[in-house]
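> One structure, pasted below without further comment.
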Amino acid sequence: MQHLLHNIKNKFRGISVDMLYYRCVKAYCLCEFERLLHAVTLVEPHLRPYLQDVGYERWSRAHSGGRRYNIMTTNISECINVILVKEQELPITAFAEEMRSLVQRSHYKQRIKADKCKMKLTPSAEALLAEQYQLSLRMHLDPACETVYTVFDGDKNGVVDLQAQMCSCRQF
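The numbering of the sequence shown is my numbering, which starts it at 1410 and goes up by one.
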């Protein structure tokens, strides 16, 4: 995602589509993706064919065939590279030791947090669950069978298949 934006900035100098591009990347629904891509096209008409040649499935959530479990989708190697900028200049053994130390500190901090937690879920998971529960109270379900439901939420609706873990809104 970052690499593609960097390439766009180099190839199409003088345009500013950063925010539109990020919103396009993060859109779950195909209709929202198309609306945002159209807005990008209005800024730079030649950008759409370029993005199409790259392949929407490589950078767009709406076209991704993979499952999502509310996890960060950033490339882990990019995250680690940002953290270990200075350490990359070290010899390989010192670099490996820094990596080990980083992972150890991270696991220790998470273990301390987990030990303090008295609930079955983490505080952030509890808060998210409570928020989702409140949002679900306004929804109405019509079962099609034991595992497939039509969900009505005001002016929006979708079909959820619990067994296949799929939803027509692409936010399962």
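Ideal Cβ placement from N, Cα and C applies to all residues, glycine included.
This one's a predicted model, so the numbers in the text were calculated from it and none came from an experiment.
Decide if Cys1433 is buried, meaning its Cβ has at least 16 other Cβ atoms within 10 Å, or exposed.
Answer is buried; the Cβ neighbour count reaches 16.
> How would you call His1415, buried or exposed, if buried means at least 16 neighbouring beta carbons within 10 angstroms?
His1415 is exposed by the Cβ-count criterion.
> Three or more beta-carbon pairs under 8 Å between the region 1421–1439 and the region 1462–1476, yes or no?
Enough Cβ pairs lie closer than 8 Å, so yes.
> Do you know offhand how far Asp1564's Cα is from Gln1543's?
Between Asp1564 and Gln1543, the C-alpha separation is close to 18 Å.
> Using three-state DSSP, classify Leu1550 as helix, strand or coil.
Note: Leu1550 maps to strand in three-state DSSP.
> Within 10 Å of its beta-carbon, does Tyr1431 have 16 or more other beta-carbons around it, so buried, or fewer, so exposed?
Under this definition Tyr1431 is an exposed residue.
> Counting C-beta neighbours from all protein chains within 10 Å, is the total for Ile1417 16 or more, i.e. buried, or is it exposed?
The residue is buried, with at least 16 neighbouring Cβ atoms inside 10 Å.
> So is Leu1537 buried or exposed if we call it buried at 16+ other beta carbons inside 10 Å?
Leu1537 should be labelled exposed.
> Shortest alpha-carbon distance to Gln1574 belongs to which of Phe1561, Val1557, Ala1503, Gln1519?
Minimum Cα distance to Gln1574 is reached at Val1557.
> Can you name the residues that DSSP bridges to Val1569?
Tyr1558, Cys1576, per the DSSP bridge assignment.
> Once you ignore the five residues that flank Lys1420 on each side, which residues in its own chain have a CB closer than 8 Å to its CB?
Excluding sequence neighbours, Lys1420 sits near Tyr1459.
> What do you get for Val1449, buried or exposed, if any count of 16 or more other CB atoms within 10 angstroms of its CB means buried?
It counts as buried.
> Restricting to runs no shorter than 4 residues, where is the alpha helix (DSSP H) found entirely within the region 1462–1531?
For the region 1462–1531, whole alpha helix (DSSP H) runs of length 4 or above, ordered along the chain, are 1485–1492, 1501–1525.
> Considering only their Cβ atoms, is the gap separating Glu1453 from Ile1424 smaller than 8 Å?
Going by C-beta atoms, Ile1424 is nearer than 8 Å to Glu1453.
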